[in-house]
Amino acid sequence: MLDIKIPIGLMFSIFGAILLIYGFITRNDTVLYQKSLSHNMNLWMGALALVFGIVMLLLVKKRKA
Numbered sequence: 004m005l006d007i008k009i010p011i012g013l014m015f016s017i018f019g020a021i022l023l024i025y026g027f028i029t030r031n032d033t034v035l036y037q038k039s040l041s042h043n044m045n046l047w048m049g050a051l052a053l054v055f056g057i058v059m060l061l062l063v064k065k066r067k068a
C-alpha cells in the first residue's frame, strides 16, 4: 500500500529547499521584499516547508520501525 506521506514529504522538502536557497541568495534585495514589509518570506516559508517535509518523512520512517 502506498503511503501518501512519502510523496508529500518529498515534494515539500524539495520545494522548501529551493525556496530556502532562493531566499538566502536574495536576502539583501530590499526592492524585492518591499511588498512584504521588508520580511524575507521566501526564506521563512522555505524553512517552514522544509521542516514540514522532513516531519512527514520521519513519520513514515517511524511507522515502518
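The letter at position 23 of the sequence shown is residue 26 when you use our numbering, and the numbering goes up by one with no holes.
All residues carry an ideal CB built from backbone N, CA and C; glycine is no exception.
None of these values were measured; they are calculated from a predicted model.
Looking at residue i: is its Cβ nearer than 8 angstroms to the Cβ of residue j?
| i | j | result |
| --- | --- | --- |
| L53 | L23 | yes |
| T29 | S41 | no |
| G56 | L5 | no |
| G26 | N43 | yes |
For the alpha helix (DSSP H) that residue i lies in, which residues bound it at each end?
| i | result |
| --- | --- |
| R66 | 44-67 |
| I11 | 8-28 |
Look at the alpha carbon of residue i and the alpha carbon of residue j, and state the distance between them as a whole number of angstroms.
| i | j | result |
| --- | --- | --- |
| N45 | P10 | 22 angstroms |
| K8 | S39 | 31 angstroms |
| S16 | Y36 | 23 angstroms |
| M48 | M59 | 16 angstroms |
| A50 | N31 | 18 angstroms |
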